[in-house]
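Chemist: When the letters of the sequence shown are read in order and numbered with my numbering, they come out as residues 93 to 377.
My questions will all concern the structure given below.
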Amino acid sequence: MKVVAGSASLALGKELARALKANLVDVAFEKHAGGFPDGERYVRLLGSVAGDHVVLVQSTYPDQKIVELFLLQDALVEAGARKVTLVIPYFGYGRQDKRFEEGEPVSARALARRLQLHADTVFTVSVHNPEVLGFFEIPAKDVSGMPTVARYLQGRDIDLVLAPDENAERFAREVGTSLKTEWDFLEKRRIDSFTVEMKRKAMDVKGRHVAIVDDVISTGVTIATAAKMLREQGAKRVVAACVHGLFAANALTRLQACDEVVATDTLLSPATKVSVAPEIAAVLR
Ligand code: R5P
93 MKVVAGSASL
103 ALGKELARAL
113 KANLVDVAFE
123 KHAGGFPDGE
133 RYVRLLGSVA
143 GDHVVLVQST
153 YPDQKIVELF
163 LLQDALVEAG
173 ARKVTLVIPY
183 FGYGRQDKRF
193 EEGEPVSARA
203 LARRLQLHAD
213 TVFTVSVHNP
223 EVLGFFEIPA
233 KDVSGMPTVA
243 RYLQGRDIDL
253 VLAPDENAER
263 FAREVGTSLK
273 TEWDFLEKRR
283 IDSFTVEMKR
293 KAMDVKGRHV
303 AIVDDVISTG
313 VTIATAAKML
323 REQGAKRVVA
333 ACVHGLFAAN
343 ALTRLQACDE
353 VVATDTLLSP
363 ATKVSVAPEI
373 AAVLR
């Protein structure tokens, strides 16, 4: 088994290769220093993959990384890889999992249909809606990133785990159960991308160390609103923990409402503090 990582997932690819005791095949991402003047992507495999089972790792965010992934898949076919296991740590476009309005695409399906063309199996990590795996016509499985989040929070004095909304309840349950702490969920109503309303819930948070867990933090509005409410209710410490830290539109500034922000390495950011590599390696072995 060999590991090839796209430029969105280099650090994770390295960790994964180490966990799998597999060789990491180097990739060049520029033909000439500085890249193409028009911004087009470029890849070149710097090692042999002929006849090999290759684990190809690349998050589909931001958009240019999707093109890079297509190029890497084509390069693997050209180079004679025997089998390609595609690992998509953050499956961008996973939230457009249906046609919400007339005339829209099912973006997650559009991506799945194209990505499966040069892959034998696909793994995602904490995909927003696991039903999108049904869009792949090859074996597809999701690996939860919550054990990774729980591993980071272990021994950090968390005594309550909260999900910011009912949809994320399963995340709080998973992390809370693993930490053997109490868990619950908040009630959120989204007004628009930058506005959410949190309903006050009768909860014992006074003087407690609370972790708010979610799959994705995008603008940070959800978590920051929850953190402010929890502080008003007397929480002593609020930690925001997610699998995928998109941190769009100055999210990290907004998240100063929290004592700490933690994300995994499905996307790299200043909040990346723990790797999902052990959890991915466990399903690949
Ligand atoms: C939504 O369903 C997701 O689980 C997250 O709660 C959401 O994407 C967070 O978005 P934001 O950080 O922009 O509030």
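Cβ coordinates follow ideal geometry from the N, Cα and C atoms, glycine included.
As the structure is a computational prediction, the values presented were derived from the model and not from experiment.
Examine the Cβ distances between the stretch 209–224 and the stretch 169–186 and report whether three or more of them are shorter than 8 Å.
Modeler: Taking 8 Å as the limit for Cβ pairs, the verdict is that the stretch 169–186 does touch the stretch 209–224.
Chemist: Cβ atoms of residue 169 and residue 97: under 8 Å apart, would you say?
Modeler: Cβ atoms of residue 97 and residue 169: not closer than 8 Å.
Chemist: If you drop the 5 nearest sequence neighbours on each side, which residues of the same chain put their C-beta closer than 8 Å to that of residue 198?
Modeler: Here the set comprises 188, 189, 190, 191, 227.
Chemist: Tell me the DSSP secondary structure of residue 111 in three-state form.
Modeler: In the structure shown, residue 111 sits in a helix (DSSP, three-state: H, G or I).
Chemist: Regarding residue 214 and the ligand R5P, is the C-beta to nearest heavy atom distance less than 7 Å?
Modeler: Checking every heavy atom of the ligand R5P against the Cβ of residue 214, none is found closer than 7 Å.
Chemist: Apart from the five residues on each side of it in sequence, which residues of its chain come closer than 8 Å, Cβ to Cβ, to residue 141?
Modeler: 94, 96, 117, 168, 171, 172, 173.
Chemist: Does the stretch 315–327 come close enough to the stretch 293–306 that 3 or more CB-CB pairs lie under 8 Å?
Modeler: They touch, by the three-pair rule.
Chemist: Residue 175 and residue 210 - do their beta-carbons sit closer together than 8 Å?
Modeler: No. Outside cutoff.
Chemist: Can you tell me whether residue 186 is buried or exposed? The criterion is at least 16 other CB atoms within 10 Å of its CB, across all chains shown.
Modeler: Counting Cβ neighbours within 10 Å, residue 186 comes out buried, since at least 16 surround it.
Chemist: For residue 251, is the beta carbon positioned less than 7 Å from some heavy atom of the ligand R5P?
Modeler: Residue 251: no, Cβ never under 7 Å from the ligand R5P.
Chemist: For a test of your reading of the model: does the CB of residue 284 fall under 7 Å from any non-hydrogen atom of the ligand R5P? Yes or no.
Modeler: No, the Cβ of residue 284 stays beyond 7 Å of every heavy atom of the ligand R5P.
Chemist: So the beta strand (DSSP E) residue 166 belongs to, where does it begin and stop?
Modeler: Segment 155–170 is the alpha helix (DSSP H) holding residue 166; no beta strand (DSSP E) there.
Chemist: Indicate the three-state DSSP secondary structure (helix, strand or coil) for residue 321 in the structure shown.
Modeler: Residue 321: helix per DSSP, three-state reduction.
Chemist: On a Cα-Cα basis, can you pick out the residue from 266, 244, 317 that is closest to residue 235?
Modeler: Here the closest residue by C-alpha is 266.
Chemist: With a 10 Å radius around its C-beta and 16 neighbouring C-beta atoms as the bar for buried, classify residue 305 as buried or exposed.
Modeler: Buried, by the Cβ-count rule.
Chemist: Considering only heavy atoms of the ligand R5P, does any lie closer than 7 Å to the CB of residue 256?
Modeler: Because some heavy atom of the ligand R5P lies under 7 Å away, the Cβ of residue 256 counts as near it: yes.
Chemist: Short check: CB of residue 254 to CB of residue 331, under 8 Å?
Modeler: Against a cut-off of 8 Å, the Cβ pair of residue 331 and residue 254 comes out as no contact.
Chemist: Just checking my contact of residue 316 with residue 346 at CB under 8 Å: how many whole Å lie between their CB atoms?
Modeler: Correct: roughly 5 Å between the Cβ atoms.
Chemist: Within its chain, find whatever has a CB closer than 6 Å to the CB of residue 339; leave out the 5 residues flanking it on each side and keep chain order.
Modeler: Counting only Cβ-Cβ distances below 6 Å, and skipping sequence neighbours, we find 361.
Chemist: Can you give the beta carbon distance from residue 260 to residue 275, rounded, assuming they're within the 8 Å contact cut?
Modeler: No, residue 260 and residue 275 are not in contact; Cβ-Cβ is about 11 Å, not under 8 Å.
Chemist: For the ligand R5P, is there a heavy atom less than 7 Å away from the beta-carbon of residue 236?
Modeler: False, no ligand heavy atom lies under 7 Å from that Cβ.
Chemist: Residue ranges of each alpha helix (DSSP H) run of no fewer than 4 residues wholly in the stretch 216–254, ordered along the chain?
Modeler: You should have 238–245.
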